[in-house]
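Report on the structure given below.
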Amino acid sequence: MTDQLNILLITSDQQRADCFGFENPQIKTPHIDLLATQGTRFAACITPNLVCQPARASLLTGLLPLSHGVWDNGVDLDPQVGTAGFAGTLANHGYHTAFIGKAHFSS
0 MTDQLNILLI TSDQQRADCF GFENPQIKTP HIDLLATQGT RFAACITPNL VCQPARASLL
60 TGLLPLSHGV WDNGVDLDPQ VGTAGFAGTL ANHGYHTAFI GKAHFSS
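Using numbering that gives the first Met the number 0, the first residue of the sequence shown is number 0, and each one after it goes up by one.
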């Protein structure tokens, strides 16, 4: 196996961008600022759905809610669809994946 990059995906729920020092110099968040400057930051993203479960399923799969079938909270993502997405692809390439915090991919 070749050396693999470490991937850390941090998402923030219900916060404005200017709650972080990398967007607002009046806020002191040195550790997250360091990650933001040394990593890849997706500053122009928008959510594909207003509620969390469909939006998180889109993040996991790379699909829109009409394609992955999670159209509202309480509608579970089909495990086969999830496996074919982002985390499943990483796992198929030898990565060990985990969620820490709120995942809410199923009810």
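Note that beta-carbon positions come from the ideal geometry of N, C-alpha and C, so glycine has one too.
Where the alpha helix (DSSP H) through residue i begins and ends
{"i": "Asp-75", "result": "No alpha helix (DSSP H) holds Asp-75; DSSP gives it neither H nor E."}
{"i": "Pro-53", "result": "51–60"}
{"i": "Ser-66", "result": "64–67"}
{"i": "Val-8", "result": "Here residue 8 is Leu; the residue named in the question, Val, does not match the sequence. Here Leu-8 belongs to no alpha helix (DSSP H), and DSSP marks it neither H nor E."}
{"i": "Phe-85", "result": "85–91"}
Alpha-carbon to alpha-carbon, residue j and residue i
{"i": "Phe-19", "j": "Val-80", "result": "33 Å"}
{"i": "Leu-76", "j": "Ser-66", "result": "11 Å"}
{"i": "Val-69", "j": "Ile-6", "result": "25 Å"}
{"i": "Val-50", "j": "Asp-71", "result": "7 Å"}
{"i": "Ala-16", "j": "Gly-100", "result": "20 Å"}
{"i": "Ala-90", "j": "Thr-96", "result": "7 Å"}
{"i": "Thr-39", "j": "Pro-53", "result": "24 Å"}
{"i": "Thr-36", "j": "Leu-8", "result": "14 Å"}
{"i": "Asn-23", "j": "Pro-29", "result": "12 Å"}
{"i": "Leu-34", "j": "Gln-13", "result": "20 Å"}
{"i": "Leu-62", "j": "Asp-32", "result": "29 Å"}
{"i": "Ser-106", "j": "Val-74", "result": "7 Å"}
Buried versus exposed, by CB contacts within 10 Å (16 or more), residue i
{"i": "Ser-57", "result": "buried"}
{"i": "Pro-64", "result": "buried"}
Helix, strand or coil at residue i [DSSP, three-state]
{"i": "Phe-98", "result": "coil"}
{"i": "Ala-43", "result": "coil"}
{"i": "Ala-35", "result": "helix"}
{"i": "Pro-24", "result": "coil"}
Review point. So does the stretch 46–62 actually touch the stretch 82–100, counting three or more Cβ pairs closer than 8 Å?
Key: yes
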